[in-house]
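Peer 1: 1 is the number of the first residue of the sequence shown in the working numbering; add one for each residue after it.
For each residue, glycine too, the CB sits at the ideal point set by N, CA and C.
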Amino acid sequence: MAIITLTTDFGEKDYFAGATKGAIYSELPDVKIVDISHSVSPFSIPEAAYIIQNAYNCFPKGSIHIIGIDSELNVENKHIALKLDDHYFICANNGIMSMICSEIAPEKIVEINIHDRIQTSFPVLDVFVKVACHIARGGTLDVIGKTINNIKPIKNIVPFVNDDKTQIIGSVIYIDNYGNVVTNIKRDFFETIQKGRDFEISARNYKFKKIRHKYSDVVNFEIPEEKRHDEGKGLVVFNSGGFLEIAVYKSNTTTVGSASSLMGLGIMDAVSVNFFRIKNRE
Numbered sequence: 001m002a003i004i005t006l007t008t009d010f011g012e013k014d015y016f017a018g019a020t021k022g023a024i025y026s027e028l029p030d031v032k033i034v035d036i037s038h039s040v041s042p043f044s045i046p047e048a049a050y051i052i053q054n055a056y057n058c059f060p061k062g063s064i065h066i067i068g069i070d071s072e073l074n075v076e077n078k079h080i081a082l083k084l085d086d087h088y089f090i091c092a093n094n095g096i097m098s099m100i101c102s103e104i105a106p107e108k109i110v111e112i113n114i115h116d117r118i119q120t121s122f123p124v125l126d127v128f129v130k131v132a133c134h135i136a137r138g139g140t141l142d143v144i145g146k147t148i149n150n151i152k153p154i155k156n157i158v159p160f161v162n163d164d165k166t167q168i169i170g171s172v173i174y175i176d177n178y179g180n181v182v183t184n185i186k187r188d189f190f191e192t193i194q195k196g197r198d199f200e201i202s203a204r205n206y207k208f209k210k211i212r213h214k215y216s217d218v219v220n221f222e223i224p225e226e227k228r229h230d231e232g233k234g235l236v237v238f239n240s241g242g243f244l245e246i247a248v249y250k251s252n253t254t255t256v257g258s259a260s261s262l263m264g265l266g267i268m269d270a271v272s273v274n275f276f277r278i279k280n281r282e
């Protein structure tokens with residue numbers, strides 16, 4: 001049984017997500033539809049790229065992923081379908097897939113060319129659904145598009161590293177439901193540049209010299225619970241996706257605040273890591 005996932009910026013108020021599901025069920029009554037997220041910030045390509053990269057590989061091989069972000073067709077925003085890591089992705093060629101493709105090479109990419117048979121102002125519903133259902137029935141990508149070799153890159157996907165490898169400058173690509181701030185600096189990349197050196201992470205006026213293994217590492221459990229005041233403490237971790245994340249312990253935007261609100265950090269704000277040269281030891 002086919003699985004089709006949906007990742008969009010449709011939100012929950014409008015009919016768009018429901019209509020898309022209805023169109024899929026009309027063609028494939030036995031399909032399974034999974035909502036990854038409909039709460040991507042409107043037109044936020046970095047957010048969508050981060051979400052789909054960290055969600056898709058939890059699904060079985062052969063799953064089909066519709067990504068409905070900035071999907072209006074125009075001369076600079078074509079539609080594509082990809083087979084990558086034994087999964088299928090259907091989206092606009094606007095950089096969303098470049099985060100995954102920078103780590104895993106696609107097996108095949110096609111530029112969808114069935115638009116001459118479909119008149120629409122809602123391409124996710126009328127084009128992406130048709131393509132997804134075609135694939136779910138066992139159809140090939142060649143039938144719905146022409147092969148291309150490259151996709152549009154996303155801006156600022158790779159952090160900057162200076163020539164002497166003493167600084168990484170990354171950027172915020174995602175803010176989660178808790179207000180935690182996720183950067184584009186991945187653990188492997190960080191450790192390759194670090195080479196065992198001490199470091200200082202800077203985000204606006206906030207500085208951190210330690211990366212925690214988990215959020216509760218900021219808690220001293222030897223202190224009686226009634227004497228602890230750990231909620232609201234800032235910290236840095238590599239999150240479950242392997243991305244450097246600035247967080248606040250037990251954050252709550254309505255009480256103790258969050259990393260985003262307390263530190264004034266938003267999407268594409270800079271986060272830097274400065275490495276210190278290892279001193280000669282006798």
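Can you tell me whether Glu-222 is buried or exposed, with buried defined as 16 or more other CB within 10 angstroms of its CB?
Peer 2: The residue is exposed, with fewer than 16 neighbouring Cβ atoms inside 10 Å.
Peer 1: Identify whether Asp-163 lies in helix, strand or coil by the three-state DSSP scheme.
Peer 2: Correct three-state label for Asp-163: coil.
Peer 1: Classify Thr-140 as buried or exposed, calling it buried when 16 or more other Cβ atoms lie within 10 Å of its own Cβ.
Peer 2: Result: exposed.
Peer 1: Select from Gly-68, Ile-168, Ile-100, Glu-111 the residue whose C-alpha is nearest the C-alpha of Val-129.
Peer 2: When only C-alpha atoms are compared, the closest one is Gly-68.
Peer 1: So, does the region 76-87 touch the region 11-18, judging by three or more C-beta pairs under 8 Å?
Peer 2: Result no; under three Cβ-Cβ pairs closer than 8 Å.
Peer 1: Go through its chain and collect everything with a Cβ distance to Arg-197's Cβ below 8 Å, but skip five positions before and after it.
Peer 2: Counting only Cβ-Cβ distances below 8 Å, and skipping sequence neighbours, we find Phe-275, Phe-276, Arg-277, Ile-278.
Peer 1: Helix, strand or coil, according to DSSP, for Lys-21 in the structure here?
Peer 2: Looking at Lys-21 - three-state DSSP - the assignment turns out to be helix.
Peer 1: Entirely within the region 158-227 and at least 3 residues each: give me those beta strand (DSSP E) ranges in chain order.
Peer 2: The region 158-227 contains these whole beta strand (DSSP E) runs: 167-175, 181-186, 199-203, 206-208.
Peer 1: Checking the sheet assignment: what are the DSSP bridge partners for Leu-82?
Peer 2: Phe-89, Ile-109, per the DSSP bridge assignment.
Peer 1: Return the CA-CA distance between Lys-250 and Met-1, expressed in angstroms with no decimal places.
Peer 2: If I take the Cα positions, the gap works out to 40 Å.
Peer 1: Just the C-alpha distance for Glu-111 and His-134, rounded to the nearest angstrom, thanks.
Peer 2: If I take the Cα positions, the gap works out to 15 Å.
Peer 1: Give a yes or no on whether the C-beta atoms belonging to Thr-49 and Ile-96 are separated by under 8 Å.
Peer 2: Here residue 49 is Ala; the residue named in the question, Thr, does not match the sequence. Taking 8 Å as the Cβ cut-off, Ala-49 and Ile-96 qualify as a contacting pair.
Peer 1: Run through DSSP, which three-state label would Ala-270 get?
Peer 2: In this structure, Ala-270 counts as strand in the three-state DSSP scheme.
Peer 1: Can you check which of these residues, Asn-150, Ile-148, Lys-195, Asp-269, is closest to Ile-284 by C-alpha distance?
Peer 2: Outside the shown range of the chain (1 to 282) lies residue 284, about which nothing can therefore be said.
Peer 1: Leu-235 lies in the beta strand (DSSP E); which residues open and close that run?
Peer 2: Per DSSP, Leu-235 belongs to the beta strand (DSSP E) from 234-238.
Peer 1: Can you give me the start and stop residues for the alpha helix (DSSP H) that Ile-151 sits inside?
Peer 2: Here Ile-151 belongs to no alpha helix (DSSP H), and DSSP marks it neither H nor E.
Peer 1: Hey, is Ile-168 close to the ligand ZN, as in C-beta under 7 Å from one of its heavy atoms?
Peer 2: No copy of the ligand ZN occurs in the structure displayed, which carries no ligand at all.
Peer 1: By a C-beta neighbour count over all protein chains shown, 10 Å radius and 16 as the cutoff for buried, is Ile-104 buried or exposed?
Peer 2: Exposed.
Peer 1: In angstroms, rounded to a whole number, what distance separates the CA positions of Leu-73 and Pro-123?
Peer 2: Between Leu-73 and Pro-123, the C-alpha separation is close to 7 Å.
Peer 1: Looking only at its own chain, which residues have a Cβ that is under 7 Å from the Cβ of Thr-253, when we skip the five neighbours before and after it?
Peer 2: Around Thr-253: Gly-179, Ser-261.
Peer 1: Shortest alpha-carbon distance to Ser-258 belongs to which of Val-273, Phe-243, Gly-232?
Peer 2: Minimum Cα distance to Ser-258 is reached at Gly-232.
Peer 1: To the nearest angstrom, how far is it from the Cα of Gln-167 to the Cα of Arg-212?
Peer 2: So the two alpha carbons sit approximately 20 Å from each other.
Peer 1: Where Lys-186 and Ile-100 are concerned, what is the direct C-alpha to C-alpha distance, given to the nearest angstrom?
Peer 2: Spanning the two alpha carbons is a distance of roughly 13 Å.
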